[in-house]
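Following: one structure in structure tokens, then a few remarks.
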Amino acid sequence: WIGYNEAMILYVLAIGSPTKPVPSAQWATWTSGYQWNSWYGQSYLEFAPLFGHQYSHAWIDFRGIQDAYMRNRGITYFENSRRATLAQHAYCVANPLGWIGYADSLWGITASDDPSGYLAHGAPPAQNENGTLTPTAALSSIAFTPELSVPFAHKMWNTYRTQGWGPYGFTDAFNLTQDWWGSAVLGIDQGPILLMIENHRTQSVWNRFMQNADVQRGLTLAGFGPVTSAVDGYGSGALRLVLGSANPTHGATQLRYRLVAPVRMRLEVFDVAGRLVEVLAEGDQAAGEHAATFRGAGLPGGLYLVRLEAAGQIRTQRIVRLH
Numbered sequence: 046w047i048g049y050n051e052a053m054i055l056y057v058l059a060i061g062s063p064t065k066p067v068p069s070a071q072w073a074t075w076t077s078g079y080q081w082n083s084w085y086g087q088s089y090l091e092f093a094p095l096f097g098h099q100y101s102h103a104w105i106d107f108r109g110i111q112d113a114y115m116r117n118r119g120i121t122y123f124e125n126s127r128r129a130t131l132a133q134h135a136y137c138v139a140n141p142l143g144w145i146g147y148a149d150s151l152w153g154i155t156a157s158d159d160p161s162g163y164l165a166h167g168a169p170p171a172q173n174e175n176g177t178l179t180p181t182a183a184l185s186s187i188a189f190t191p192e193l194s195v196p197f198a199h200k201m202w203n204t205y206r207t208q209g210w211g212p213y214g215f216t217d218a219f220n221l222t223q224d225w226w227g228s229a230v231l232g233i234d235q236g237p238i239l240l241m242i243e244n245h246r247t248q249s250v251w252n253r254f255m256q257n258a259d260v261q262r263g264l265t266l267a268g269f270g271p272v273t274s275a276v277d278g279y280g281s282g283a284l285r286l287v288l289g290s291a292n293p294t295h296g297a298t299q300l301r302y303r304l305v306a307p308v309r310m311r312l313e314v315f316d317v318a319g320r321l322v323e324v325l326a327e328g329d330q331a332a333g334e335h336a337a338t339f340r341g342a343g344l345p346g347g348l349y350l351v352r353l354e355a356a357g358q359i360r361t362q363r364i365v366r367l368h
């Protein structure tokens, strides 16, 4: 089974097995089938259903590490999944096939139940794309794109709770074009939602799994090492965002960030629902230390997310504003 999909974790565990390891050269065989492509302004390893970008990531923390393939591409697998998620969200907003309901806060395409049974849906490129949306697609991407996944959760809860919520959470899928709501709850879809929400909140699943010696041996033998190119969304040290004033705060919040090279950047603030509140800085900036101020005049108290993006990297910080 060669080519990028959810099987990365199987290769890592097989290569790292303490008793029956497969040759480490199998990793290069695996990556030889990769298909790199660009969709909606994002360049990444192509796999249309989002589960392929999520399942291995629910366990393995790919932030800050690269294998030979990703080192040549200048990103990490974590960044790759983020780009795939952004591309799919952009596809749903564009809605080229004209399905009912697709929107900025209503998106997510992956393998799921649908009106005809069970099918591996995906995009881009469109794969068995028939208007079926799947909550696990958007919610299990929360570690990659919280600014997109949280608004989806709010939209589902506030608008479609009656049709799509049960004792085990959101049911598997729905299709507004065909006025169909699935009744089944699938563990293979509910599980990644829980795991990735926890990784987003505390990173505890990643932290525990990455302590395993077999996992570390498998990653090492597959050629993974610390990030050497300054593009990872975490951990490379090439981009830094820190709070320069008290948090929580009653007033303005000072922010400091560091760029290691001249780069085009964007510093923005989102509310807890994932809505853009303010763009604090945007454009080409020189290397070095920079500062910005989030004043939040007239905004209610609560949790806000500051997001710095530059050269394919992302840094975030939470700000709590008191009433």
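Each residue of the sequence shown is one higher than the one before, starting from 46 at the first, in our numbering.
Built from N, CA and C at the ideal position, the CB exists for glycine as well.
C-beta atoms of residue i and residue j nearer than 8 angstroms
i, j, result
"G153", "P196", "no"
"P237", "S194", "no"
"W226", "F219", "yes"
"L131", "L151", "no"
"V351", "I364", "yes"
"Y213", "A168", "no"
"N117", "L90", "no"
"T155", "F96", "yes"
"G143", "P271", "no"
"P307", "A332", "yes"
"F269", "Q111", "yes"
"E323", "R311", "no"
"H199", "P94", "no"
Three-state secondary structure assigned by DSSP to residue i
i, result
"Y122", "helix"
"M310", "strand"
"F315", "strand"
"D277", "Note on D277: pLDDT 41, under 50, position unreliable in the model; no value is reported."
"V351", "strand"
"I364", "strand"
"S194", "helix"
"I238", "helix"
"T294", "strand"
"N454", "Any question about residue 454 goes unanswered here, given that the chain covers just 46 to 368."
"Y147", "coil"
"S249", "helix"
"Y114", "helix"
"A336", "strand"
"S83", "strand"
"S157", "strand"
"W152", "coil"
"A326", "strand"
"G343", "coil"
"I369", "Because residue 369 is not part of the residues shown, which for the chain are 46 to 368, the question remains open."
Anticipated Cβ contact below 8 angstroms, residue i with residue j, distance rounded
i, j, result
"V314", "A103", "In fact, because the Cβ distance is near 28 angstroms, the residues do not count as touching under 8 angstroms."
"R366", "G341", "6 angstroms"
"A129", "H98", "5 angstroms"
"T190", "R253", "With 8 angstroms as the limit, T190 and R253 do not qualify as a contact, their Cβ atoms being about 23 angstroms apart."
"D159", "N175", "6 angstroms"
"Y56", "W75", "5 angstroms"
Residues near residue i in its chain [Cβ-Cβ closer than 6 angstroms; skip 5 each side]
i, result
"V287", "R301"
"G146", "L221"
"K65", "none"
"G48", "G78"
"N140", "Y147"
"H134", "W152, L193"
Cβ shell of residue i (< 8 angstroms), same chain only, five flanking positions each side left out
i, result
"L58", "D259, V260, G263"
"T115", "Just to set this straight, residue 115 is Met in the shown sequence, not Thr. Result list for M115: T121, Y122, N125, in chain order."
"Q248", "D106"
"T294", "I364, V365, R366, L367"
Contacts around residue i, its chain only, beta-carbon distance under 7 angstroms, and the 5 residues preceding and following it disregarded
i, result
"L44", "Within the shown structure, residues of the chain are numbered from 46 to 368, placing residue 44 beyond reach of any answer."
"P63", "D259"
"E334", "R301, R303"
"A113", "G268"
"W46", "A52"
"L321", "E313, F315"
Nearest neighbour of residue i, chosen from the options [CA to CA]
i, options, result
"L304", "A356, Q256, G319, T338", "A356"
"L325", "Q299, T76, E174", "Q299"
"V230", "F254, D217, A73", "D217"
"Q10", "A139, N203, P170, N175", "Outside the displayed range of the chain (46 to 368) lies residue 10, so it cannot be described from this structure."
"H245", "P141, G347, G162, A188", "A188"
"G346", "R285, I105, G296", "G296"
"Y163", "T207, F107, G119, I233", "I233"
"S161", "Q362, R206, D224", "D224"
"I54", "F215, V67, L353, I105", "I105"
"L353", "R285, L344, L240, L239", "R285"
Any non-hydrogen atom of the ligand ADP closer than 7 angstroms to residue i Cβ
i, result
"S228", "Among the components of this structure there are no ligands whatsoever, and the ligand ADP is therefore not found."
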